[in-house]
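Undergrad:
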Amino acid sequence: MVSVGSVVGLLVVVGGHTLITVVVTRFFRIRMNTSWGAAVYAATVTPVVLLVTTLLLTGPLGIGAWLGDRTLALFVVLFFPLGLGYAIDLFWLRSPEEIAEEMDLPDTTDRRRPGRRE
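Quick note on numbering that gives the first Met the number 0: the sequence shown kicks off at 0 and runs consecutively.
1) Where does Leu92 sit, in a helix, a strand or coil, going by DSSP?
2) Skipping 5 residues on each side, what residues in its chain have a beta carbon closer than 6 Å to that of Tyr40?
3) What's the C-alpha gap between Leu81 and Thr52?
4) How is Thr33 classed by DSSP in three states: helix, strand or coil?
5) Between the Cα of Thr24 and those of Ile98, Val11 and Leu89, spot the shortest distance and give me the residue it belongs to.
6) By the three-class DSSP mapping on this structure, what secondary structure does Ser5 have?
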């Protein structure tokens with residue numbers, strides 16, 4: 000029988016994984032200059048981070064053991080938050096370029112010091 004605590008714990012893990020995916024994807028989109036670099040890093044690093052947090056959170060607490068099938072547990076805890084987090088970052092949040100244009104941020108590609116003459 001499934002307890003209420005197990006269901007709540009599983010929902011907390013899924014919500015936390017979705018949040019982690021959104022933050023990591025946004026971080027790579029901001030820090031990388033290429034669109035493919037950010038996509039590759041987000042697709043390779045984010046699942047590793049989610050796997051580590053899954054092992055740390057669900058193992059000691061025994062959350063999700065009642066799902067029965069390993070494939071279902073893997074989908075619910077890893078792949079569903081991964082897809083949802085990517086979708087939130089790409090379709091719901093504004094792109095980093097739009098935010099930078101709106102805020103009129105200075106171009107940081109020039110690495111010279113402001114007071115230095117050449």
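We put the CB at the ideal spot given by N, CA and C, even for glycine.
These figures come from a predicted structure and were not determined experimentally.
TA: This is what the structure holds:
1) coil
2) Phe27
3) 13 Å
4) coil
5) Leu89
6) helix
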